[in-house]
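These notes are about the structure you will find just below.
2 protein chains.
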Amino acid sequence: MSTRVRIADVAAAAGVSTATVSRTLSSPGIVGEETRARVMAAVAATGYRINAAARDLRRQQPRAILVLAPNLANTFFNRIIAAIQDVAGQAGLAVQISDSRAGTDMLETIVQCGRADGIVLLDGALRPEMVRNWKLPVIQLCEWNDDYALPGLQIDNAAAARVAVNHLADLGHTRILHVAGPSENVLSHARRAGFEDAMAARGLSPEIHQGGFTIEAGAAAAHAWANIADRPTAVFTASDECAFGFISECYRLGFKVPRDVSVIGFDDVDFAGHFLPPLTTIHQPRARLGRQAAERLVSALQSDTPLGAGYDQIPPHLVIRSSTSACSASKRRETDR
Amino acid sequence: MSTRVRIADVAAAAGVSTATVSRTLSSPGIVGEETRARVMAAVAATGYRINAAARDLRRQQPRAILVLAPNLANTFFNRIIAAIQDVAGQAGLAVQISDSRAGTDMLETIVQCGRADGIVLLDGALRPEMVRNWKLPVIQLCEWNDDYALPGLQIDNAAAARVAVNHLADLGHTRILHVAGPSENVLSHARRAGFEDAMAARGLSPEIHQGGFTIEAGAAAAHAWANIADRPTAVFTASDECAFGFISECYRLGFKVPRDVSVIGFDDVDFAGHFLPPLTTIHQPRARLGRQAAERLVSALQSDTPLGAGYDQIPPHLVIRSSTSACSASKRRETDR
DNA sequence: CAGCCTCCTGTAATCGATTACATCAGCGGC
DNA sequence: GCCGCTGATGTAATCGATTACAGGAGGCTG
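Chain order of the listed sequences is R and W. Residue numbering for the first sequence follows my numbering, starting at 1 and increasing by one per position. Residue numbering for the second sequence follows my numbering, starting at 1001 and increasing by one per position.
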């Protein structure tokens, strides 16, 4: 038994042809009952497992989906990928993952080599000419790019930013700083736009610090914030990581949260509720996002219908914890100078 | 161009046979220079990409590795998987991921269907009879199981626990509590054994709370700790997550870290250095672990030599931050009662 | 010039499954 | 008894690449 069991071996063991074995396995209904039992017994006895390459070649579909993310090391993607894997696994599809920043040629090879039936794309910054040229069904998730002309799923980032601003404004804050994400990122844009909208609607003037999604960017923003003469009393950061960095650095500089500054994050990563202080943040239902995107893709693949167009937007949900509190600006102003 | 470009199309465009195209692509050295140029031009002109299923079938190797992890949603795996993907990508191998807890039959199908050349196994709790029966090269990573009889790579968990104990003992702590991981987990055992060893070597009596790796387990452990009449002054937890939960809950209960209790975590996850207080913890070089395991597997695959046996153990490295400090037991004891 | 070797390229078998088509048994109706 | 139909199964072509083997061109040696 050193060599792999082939369908012909099963056929021989069951005393039928390979066609019958194949049919028994893929559409049991059309073979005779007694034959089916014999074949199943032979399959069990030989320990036969289908050869994926041969099936894929003949059927011209690999029964797999490809997940492309800009940075697999980012903890944000975990639950998303886990959910995709879960849905795909249920449907009998394999999951391949790749770094979407691997380089154009490598990416083309990965996508075009026929190893995947469909793609979940978590990166909005690839070359649109390349992406548009892909012949597989693609669904964008979290990030998006209008130039891809592809369907997508994400939370309503602009609305989320508005919710964040309104929460802070309701607490009495009037000087609100937004630590924005990377300038070229679509999420940064949407969140920043929502921030500016909501501030305008409240009659407040927006203040923006060009930051990033990382802990380091948050820490740097804290320094910038600390150096402002008349410091904003609230900060809305582009991500939880950024908020963590901001808060940690604030403590290091001698400030306290929310006493000296209220902070709202974005994402509600696993850890946000256990931070000190527990972080008020916009929740991203990552498992749900992954599941929903995967389900949409899988059902399109199974029914062989196109994915459809347009974006599904999930309404934002603010989780209020302890990093935000009512503005104590008057009190602070006395002690400040 | 609606249908996929095949090797025959390239051959026709270049005016050569399919064999020559294949040779040009896989071993350019053996075709004539002028021919090679013509073929390359034809490949570029047609946009040809090799069909993976056909190649895999003929070559009998899928050029892919499979990563099996017990819980993909766990943030611990991110950097490991990213590193594996990086190494594999460089070598032209695809990466497939699956949940190792998907169920025996599904797992068997995934492993045996011939989609992968080798496996990185992050789960030490699968049925040994199943794993031993796999015909692919497998390397265990982080977790291990002697009954698999497979090579592996991990940090020296027992030594790490000893380092943690020594650090605390050097700070003057004599009452040290270990919040252990899940009882059936191999990492829990190794860390606990190392803890007990080191305590014995120091002439201290080990105290153990049966906990877990999660934030919730840490929080529960904090309650248990708080209820001890004569509380240990230091805690060594099974994981960073557990430490976070422990510390958060301590604050909620009115204790401070490290003032009232020193805490050491395990893993040094991304976030540990930015926690409040920054967490003293055992560093797990996750990117390195992933890279090294992948390199060992890839090189075995490329040279077609067996993986070899035995475990590679990486020496532990303690990162000292601010969640541990010298024992102030005498001072505390005065105020305690 | 024969003989042989090297270098390059083409022909065709092959990997292991799927499936269109052919075949055959059994049955019912006229 | 003949025809046609249905349902079950076998035969063999096929998916798209790789590669063993064959063959031809050109050069070198004796």
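No residue lacks a Cβ here, since even glycine has one placed at the ideal position from N, Cα and C.
- Here the alpha carbons of A1224/W and A82/R stand approximately 33 Å from one another.
- When DSSP states are grouped into helix, strand and coil, E33/R belongs to the helix group.
- Residue contact with chain R for A1125/W: absent (no Cβ-Cβ distance below 8 Å to any residue of chain R).
- About 6 Å separates the Cβ atoms of Q1210/W and A1180/W, confirming a contact at the 8 Å cut-off.
- Within a 10 Å sphere around the beta-carbon of L1253/W sit fewer than 16 other beta-carbons, which makes this residue exposed.
- Those residues of the stretch 274-287 of chain R placed with their C-beta closer than 7 Å to a C-beta in chain W are H274 and L276, ordered along the chain.
- Beta-bridge pairing by DSSP links H1283/W to D1267/W and H1317/W.
- In its chain, beyond the 5 residues on either side, A180 have a beta carbon closer than 6 Å to the beta carbon of R192/R.
- Within the same chain, Cβ atoms closer than 6 Å to the Cβ of P70/R are found at S100, R101 and D123, the five residues on either side in sequence being excluded.
- Counting C-beta atoms within 10 angstroms of its own C-beta, I97/R has 16 or more neighbours from the protein chains shown and is therefore classed as buried.
- Taking 8 Å as the Cβ-Cβ cut-off, the stretch 98-131 of chain R approaches chain W at S98, D99, A102, M106, E108, T109, I110, Q112, C113, G114 and R115, given in chain order.
- Per DSSP, F1213/W is not a residue of any alpha helix (DSSP H), being assigned neither H nor E.
- Taking all protein chains in view, the Cβ of P62/R is crowded by 16 or more other Cβ atoms within 10 Å, so the residue is classified as buried.
- Taking the beta carbon of A1082/W as reference, the chain R residues within 7 Å of it are L72 and A73, listed in sequence order.
- In this structure, Q90/R lies away from L121/R, with their beta-carbon atoms at least 8 Å apart.
- Leaving aside the five residues that flank A1217/W on each side, the residues in its chain whose CB is nearer than 6 Å to its CB run, in chain order, G1211 and C1242.
- With fewer than three CB-CB distances shorter than 8 Å, the stretch 297-309 of chain R does not count as touching the stretch 271-285 of chain R.
- V95/R has a beta carbon lying within less than 8 Å of a beta carbon in chain W.
- Residues of chain R whose Cβ lies closer than 7 Å to the Cβ of Q1154/W do not exist, since the nearest Cβ in that chain is about 20 Å away.
- Between G1265/W and T1237/W, the CB-CB gap stays under 8 Å.
- Within chain W, H1274 and L1276 have C-beta atoms less than 7 Å from the C-beta of S248/R, given in sequence order.
- About 19 Å separates the beta carbon of H178/R from that of E143/R, a gap too long to meet the 8 Å contact definition.
- For A94/R, the enclosing beta strand (DSSP E) stretches over residues A94 to D99.
- Apart from sequence neighbours up to five positions away, the residues of its chain that approach G1273/W with a beta-carbon distance below 8 Å are L1279, V1319 and R1321, ordered along the chain.
- Scanning chain R for C-beta atoms nearer than 7 Å to the C-beta of Q1085/W yields L72, I97, S98 and D99, reported in chain order.
- Put simply, of V235/R, P28/R, S323/R and P316/R the residue whose alpha carbon is nearest the alpha carbon of N157/R is P316/R.
- In the structure shown, S205/R falls within a coil segment according to DSSP collapsed to helix, strand and coil.
- A1052/W is not a Cβ neighbour of C250/R, given a cutoff of 8 Å.
- Looking at the DSSP output, T1104/W bridges to nothing.
- For H178/R, the enclosing beta strand (DSSP E) has its first and last residue at I176 to A180.
- Residue environment for T1324/W: buried (at least 16 other C-beta atoms within 10 angstroms of its C-beta).
- Of all alpha-carbon atoms in L1276/W, E1129/W and V1039/W, the one lying nearest the alpha-carbon of T1104/W is that of E1129/W.
- Pairing P28/R with R36/R, the inter-Cα distance amounts to about 7 Å.
- Within its own chain, the residues whose Cβ lies closer than 6 Å to the Cβ of R175/R, once the five positions on either side in sequence are excluded, are P232 and T233, listed in chain order.
- Interface with chain W (8 Å Cβ-Cβ cutoff): G211/R is excluded.
- Residue range I7 to A14 is occupied by the alpha helix (DSSP H) that includes V10/R, with no beta strand (DSSP E) assigned at that position.
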